[in-house]
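Keeping their order, the protein sequence lines are chains Y and G.
If you count the first sequence from 1, position 87 lands on 382 in the working numbering, and the numbers rise without skipping.
If you count the second sequence from 1, position 123 lands on 418 in the working numbering, and the numbers rise without skipping.
Number of protein chains: 2
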Amino acid sequence: MSTARRGPGRRPGAVDTRGEILTAARRVFAEKGFDKATVRGIAKEAGVDPALVHHYFDTKEGIFAAAMRLPVTPEVMVPTLLDGPREEIGERLVRMLLRVTAAPETREPMVALLRSAMTNEQAQAMFREFITNALLYQVADRLEVPYLRIEAAFAQMFGMIMARYVLKLEPMASADPEELVELLGPTIQRYFTG
Amino acid sequence: MSTARRGPGRRPGAVDTRGEILTAARRVFAEKGFDKATVRGIAKEAGVDPALVHHYFDTKEGIFAAAMRLPVTPEVMVPTLLDGPREEIGERLVRMLLRVTAAPETREPMVALLRSAMTNEQAQAMFREFITNALLYQVADRLEVPYLRIEAAFAQMFGMIMARYVLKLEPMASADPEELVELLGPTIQRYFTG
Chain Y
296 MSTARRGPGR
306 RPGAVDTRGE
316 ILTAARRVFA
326 EKGFDKATVR
336 GIAKEAGVDP
346 ALVHHYFDTK
356 EGIFAAAMRL
366 PVTPEVMVPT
376 LLDGPREEIG
386 ERLVRMLLRV
396 TAAPETREPM
406 VALLRSAMTN
416 EQAQAMFREF
426 ITNALLYQVA
436 DRLEVPYLRI
446 EAAFAQMFGM
456 IMARYVLKLE
466 PMASADPEEL
476 VELLGPTIQR
486 YFTG
Chain G
296 MSTARRGPGR
306 RPGAVDTRGE
316 ILTAARRVFA
326 EKGFDKATVR
336 GIAKEAGVDP
346 ALVHHYFDTK
356 EGIFAAAMRL
366 PVTPEVMVPT
376 LLDGPREEIG
386 ERLVRMLLRV
396 TAAPETREPM
406 VALLRSAMTN
416 EQAQAMFREF
426 ITNALLYQVA
436 DRLEVPYLRI
446 EAAFAQMFGM
456 IMARYVLKLE
466 PMASADPEEL
476 VELLGPTIQR
486 YFTG
């Protein structure tokens, strides 16, 4: 588990392996949460040697941080949210989140992140820092909305994702996305524009 | 770990011990979640022999189920929610939940339950069954509100509890309860009365 392989030996051609490790890591984190996932397990899932995983990401925390930046980087999410009429921002946010979470490949890393933040102190601090500084406060500052209102909107969407995809409460779990846009959109809109 | 001690040997005078085990179990589940909590750890916390814990509750699942019925039994929550003007039901629900979750003694078992439901399949099924059949559908039926709307309200409150007490997002974590009643009350009200 040494880090001796890091450094100038890194080759540009190794980028695909890095991507494959991240894909495997997302699957493993989604399935096991942060605590029970292991570098060894992720390496096995990716079909590579554990030393290679350590080479790219150093620690399990490192892999998690890299995996958590995808697929909803604030750089993509914030402009999409702000691009369009302000009176439709609620609808737009709900629709965007439902689209991102519809496919297991994009949903799994988000759910893994939320799950880990629920149960692991380190992941919790990581998530809190990420979600507030990189996302919620940025949106709030751009739109001049109080932080508490943005967090109320976050709470609604967080709860919806958990109820729909993790707890699988019916009829929420099978509801048509547009029905949820209609139901939750006005809630988010009110938090954003009062 | 045998169950040989169960049966006619149970004495009515042992009720207090049972209560003490449940109190200890709530603390242990809140701290460790479902997976990592052990009968041995709960027994240690309660200062009793593990065999006694098995005697009363048989399994860890049994202890969890008993602990989860408190402190928000549907028998107490549903009438409180329904008792009063229907146009204030949103406010009433938010205020009630903030009151129940204000004190660590009553918050911990709820948070333990939500956390376990996030990460443990067995706890998830238990929680889903409990929250829908014993609580949400009952309220929905009494008020003739579609299940999806009740679950949207649940998602908002669930997300708020997680953001405030587990993720500890600021300013949500330190917000005055009445500020949250004002902010979230109308959301819940809309889900309940359209």
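Don't be surprised by glycine CBs; every beta carbon is placed ideally from N, CA and C.
Exercise. With a Cβ-Cβ cutoff of 9 angstroms, do LEU247 of chain Y and ILE426 of chain G count as a contact?
Worked result: Nothing can be reported for residue 247 of chain Y, as the shown portion of chain Y is limited to 296 through 489.
>> What does the Cβ neighbour count give for SER469 of chain Y, buried or exposed, with the cut at 16 atoms within 10 Å?
In response: exposed
- Query: For a contact meaning CB atoms closer than 8 angstroms, what does GLU446 of chain Y contact in chain G?
  - Reply: ALA458, LEU464, PRO466 and MET467
Does DSSP put LEU462 of chain Y in a helix, in a strand, or in coil?
coil
- Tell me which same chain residues have a C-beta within less than 8 angstroms of the C-beta of MET391 of chain Y, skipping the five on either side of it? MET372, THR375 and LEU376
| request: Can you give me the Cβ contacts of ALA397 of chain Y inside the same chain, cut-off strictly under 8 angstroms, excluding the 5 residues immediately before and after it? | output: PRO472
- Query: Which residues in the same chain as MET241 of chain Y place their Cβ atom closer than 6 angstroms to its Cβ, once the five residues preceding and following it in sequence are excluded?
  - Reply: Only positions 296 to 489 of chain Y appear in the structure, and residue 241 of chain Y is not among them; the question remains open.
- Below 8 angstroms, can you find three or more Cβ-Cβ pairs linking the segment 356 to 365 of chain Y to the segment 308 to 322 of chain Y? yes
Rounded C-beta distance between LEU479 of chain Y and MET455 of chain Y? I'm assuming under 8 angstroms. 6 angstroms
task = State the CB to CB distance for the pair PRO481 of chain G and GLY385 of chain G, rounded to an integer number of angstroms; the pair is presumed to be in contact (CB under 8 angstroms).
result = 6 angstroms
Query raised in the report: Using a C-beta to C-beta distance shorter than 8 angstroms, which residues of chain G count as neighbours of PHE422 of chain Y?
Result: LEU462
ALA448 of chain Y and ILE483 of chain Y look like a contact to me (Cβ under 8 angstroms); what is the Cβ gap, rounded to whole Å?
5 angstroms
* Starting from SER469 of chain Y and walking both ways along the alpha helix (DSSP H), at which residues does that stretch end? -> It is not in any alpha helix (DSSP H) - SER469 of chain Y carries neither H nor E in the DSSP assignment.
- First and last residue of the alpha helix (DSSP H) that includes PRO441 of chain Y? Unbroken run through PRO441 of chain Y: none, as it is neither H nor E.
Open item on the list: Can you pull the chain Y neighbours of PHE449 of chain G, defined as C-beta to C-beta under 8 angstroms?
Closed with: GLY454, ALA458 and LEU464
Anticipated Cβ contact below 8 angstroms, ALA420 of chain G with SER411 of chain G, distance rounded: Rounded, the Cβ-Cβ distance is 11 angstroms, inconsistent with contact.
Worksheet item: If we cut at 9 angstroms on Cβ distances, does ARG394 of chain G have a partner in chain Y?
Response: no
- Task: Report the residues of the segment 405 to 417 of chain G with a CB closer than 7 angstroms to any CB of chain Y, ordered along the chain.
- Result: ARG410, ALA412, MET413 and THR414
* Skipping 5 residues on each side, what residues in its chain have a beta carbon closer than 8 angstroms to that of ASP344 of chain G? -> ALA338
| Is the Cβ of ALA470 of chain Y closer than 9 angstroms to any Cβ of chain G? | yes
Q | Cβ of ILE358 of chain Y within 9 angstroms of any chain G Cβ | A | no
Grab the span of the alpha helix (DSSP H) containing GLY361 of chain G for me, first residue to last. Residue identity check: residue 361 of chain G is Ala in the sequence provided, not Gly. From DSSP, the alpha helix (DSSP H) with ALA361 of chain G extends over 355 to 363.
Next on the checklist: In this structure, how does DSSP classify ASP311 of chain G when only helix, strand and coil are distinguished?
Outcome noted: helix
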